[in-house]
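A.B. asks:
Residue numbers (our numbering): 42 to 477.
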């Protein structure tokens, strides 16, 4: 039986870190903060699971390392990469002036290891020869992926989406999705808020965007923002890049395929769509649905939050509600488990942390289009300004908790379509002239 000794004081706030080593001794380290005293109205914020022992509450956070847990009583710092400031009052300190002995056996259901990624192979049984051609292409690429995020301990999953390559001269359409454990987003929100305050980007809320990287304060803040993304978000940035010469991934040609999908959507009560928009909404919904099915489990809550785009605008014959229905129908094709709740939303006029999350797939969609185009055309002069260079290095480096996956779909020499996972790390390094 392990023993944890806690020495309490009415004068000092104390943070205790418990390093859990399976089948071995529990080591406890104490850190004193002498400058701050406990205040009666300090904010209470729960990071992970809370366990009521005796007459007060303990909070456990498994974010620092897979083999390390941080136990907070009334704490001011979170050991998750950079230091964060949190304030909590969990009990009256005046009661506990003597050391208290607590055994770890009284802590129920406390996980010993943080789950970050899960290894291949992944269950693709829902995709068969009867599935859409696009699904089969994605399944072939998924078979090359070694790791995906492990969300099995998470209650809320969010998907942020944005797209690139729609400008004149682009060689690829890119569809980028950030899939993340949304119940862990609090530390990221707090850190970005401090970053925005530091660079005077909070009021008004200045949005990070790939098309506008030259604004001084945002450009100076960009490297720190990308560092926060890699170290405070648990999930994956997944980009599907499709050559623009490919009109459809659901049939042989757009002339044959577009009328069919237009009719099918209309008959199913999913709105009246024009061919190109119908193709796009199906590409997006199938892509998200497949990766959501591979990374989620029973009874989780799911949010898809997207930027304003042609596929979710409201018109006379179709609207955002039809996009939502298409997504739900598509998700049902690949996911055998049920969700506790599914929500779909798009960017609000009032900006918030959700738009900071949307900036991540926006960055990915833009920079991956540029990188793949440069690789295809042989143009190595695409690094551009410092903002784009920072994004290239970011997309070419795996994050501590954030994976980055790029799937490319191109036309083969025999006229058929092929799919593969591409090494953005190598492409970005070559174009920037970085050496390993």
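Just so you know, even glycine gets a beta-carbon here, dropped at the ideal spot from N, CA and C.
Remember, it's a predicted structure, so these values are computed and weren't measured experimentally.
With DSSP collapsed to three states, give me the class of residue 314.
C.D. replies: On the chain shown, residue 314 is found 273 positions in, with the first residue counted as 1. Three-state result, residue 314: coil.
A.B. asks: Does the Cβ of residue 324 have 16 or more other Cβ atoms within 10 Å, making it buried, or fewer, making it exposed?
C.D. replies: Residue 324 sits at position 283 when you count from the first residue of the chain shown. Buried is the call here.
A.B. asks: Below 7 angstroms CB to CB, which residues in the same chain sit around residue 260 once its five sequence neighbours on both sides are set aside?
C.D. replies: In the chain shown, residue 260 corresponds to position 219, counting from 1. Cβ neighbours of residue 260 beyond the five flanking positions: 254, 427 and 428.
A.B. asks: Kindly indicate which three-state DSSP category residue 159 falls into: helix, strand or coil?
C.D. replies: As a first step, residue 159 must be located in the chain shown, where it is residue number 118. If DSSP states are grouped into helix, strand and coil, residue 159 belongs with the strands.
A.B. asks: Threshold first: 3 residues or longer. Then list the beta strand (DSSP E) segments lying entirely within the region 355-437, N to C.
C.D. replies: Here the runs fully enclosed are 382-387.
A.B. asks: Could you check how far apart the C-beta atoms of residue 352 and residue 322 are, in whole angstroms? I think they sit under 8 angstroms.
C.D. replies: Counting from 1 along the chain shown, the entry for residue 352 is found at position 311. Counting from 1 along the chain shown, the entry for residue 322 is found at position 281. Indeed they touch by this definition, with Cβ atoms about 4 angstroms apart.
A.B. asks: Looking at the C-beta of residue 408, does it have a partner C-beta in chain B at a distance below 9 angstroms?
C.D. replies: Looking at the structure shown, chain B is missing, and only one protein chain is on hand.
A.B. asks: Could you check if residue 190 belongs to the surroundings of the ligand SAM, using beta carbon to heavy atom distance under 8 angstroms?
C.D. replies: Because no ligand of any kind appears in the structure shown, any question about the ligand SAM cannot be addressed here.
A.B. asks: Considering only the alpha carbon of each residue, which of 430, 407, 457 and 419 lies closest to residue 218?
C.D. replies: Position 177 of the chain shown, counted from the first residue, corresponds to residue 218. Measuring from the Cα of residue 218, the nearest candidate turns out to be 407.
A.B. asks: Using alpha carbons as the reference points, say which of 187, 198 and 175 lies closest to residue 381.
C.D. replies: Sequence index remark: in the chain shown, residue 381 carries index 340 (1-based). Comparing Cα-Cα distances from residue 381 to each of 187, 198 and 175, the minimum goes to 198.
A.B. asks: Quick check on this structure: which residue in 347, 331 and 398 has the alpha carbon closest to the alpha carbon of residue 169?
C.D. replies: The count along the chain shown starts at 1 and reaches residue 169 at position 128. If we check each option's Cα against that of residue 169, 331 comes out closest.
A.B. asks: So, is residue 165 buried or exposed, given that buried needs 16 or more other C-beta atoms within 10 angstroms?
C.D. replies: The residue you call residue 165 lines up with position 124 of the chain shown. That one is buried.
A.B. asks: What residue range does the alpha helix (DSSP H) around residue 272 cover?
C.D. replies: Mapped onto the chain shown, residue 272 falls at position 231. 257-273 is the span of the alpha helix (DSSP H), which, as asked, contains residue 272.
A.B. asks: CA-CA distance, residue 68 and residue 345?
C.D. replies: Working through the chain shown from its first residue, we reach residue 68 at position 27. Working through the chain shown from its first residue, we reach residue 345 at position 304. The pLDDT assigned to residue 68 is 29, lower than 50, so where the model puts this residue is not dependable, and the model offers no usable value.
A.B. asks: Quick check on DSSP: helix, strand or coil for residue 284?
C.D. replies: Numbered from 1 along the chain shown, position 243 holds the residue referred to as residue 284. Three-state DSSP puts residue 284 in a strand.
A.B. asks: Could you give the first and the last residue of the continuous beta strand (DSSP E) run that contains residue 298?
C.D. replies: Residue numbering aside, residue 298 sits at position 257 when the chain shown is read from its first letter. That residue, residue 298, is in no beta strand (DSSP E); its alpha helix (DSSP H) goes 295-308.
A.B. asks: So, is residue 23 buried or exposed, given that buried needs 16 or more other C-beta atoms within 10 angstroms?
C.D. replies: No answer is possible for residue 23: the residues shown for the chain start at 42 and end at 477.
A.B. asks: Which word fits residue 241, buried or exposed, when buried means at least 16 other C-beta atoms lie within 10 angstroms of its C-beta?
C.D. replies: For the purposes of this step, residue 241 is taken as the residue at position 200 of the chain shown. It is exposed - the Cβ of residue 241 has fewer than 16 other Cβ atoms within 10 Å.
A.B. asks: Taking the alpha-carbon positions, what's the residue 206 to residue 224 distance?
C.D. replies: Taking the chain shown and counting its residues from 1, the one referred to as residue 206 is at position 165. Taking the chain shown and counting its residues from 1, the one referred to as residue 224 is at position 183. Distance between the alpha carbons of residue 206 and residue 224 is about 31 angstroms.
A.B. asks: What are the boundary residues of the beta strand (DSSP E) that includes residue 197?
C.D. replies: On the chain shown, residue 197 is found 156 positions in, with the first residue counted as 1. Residue 197 -> beta strand (DSSP E) spans 197-205.
A.B. asks: DSSP state of residue 466, grouped into three classes?
C.D. replies: Here residue 466 refers to the residue found at position 425 when the chain shown is read from its first residue. Looking at residue 466 - three-state DSSP - the assignment turns out to be helix.
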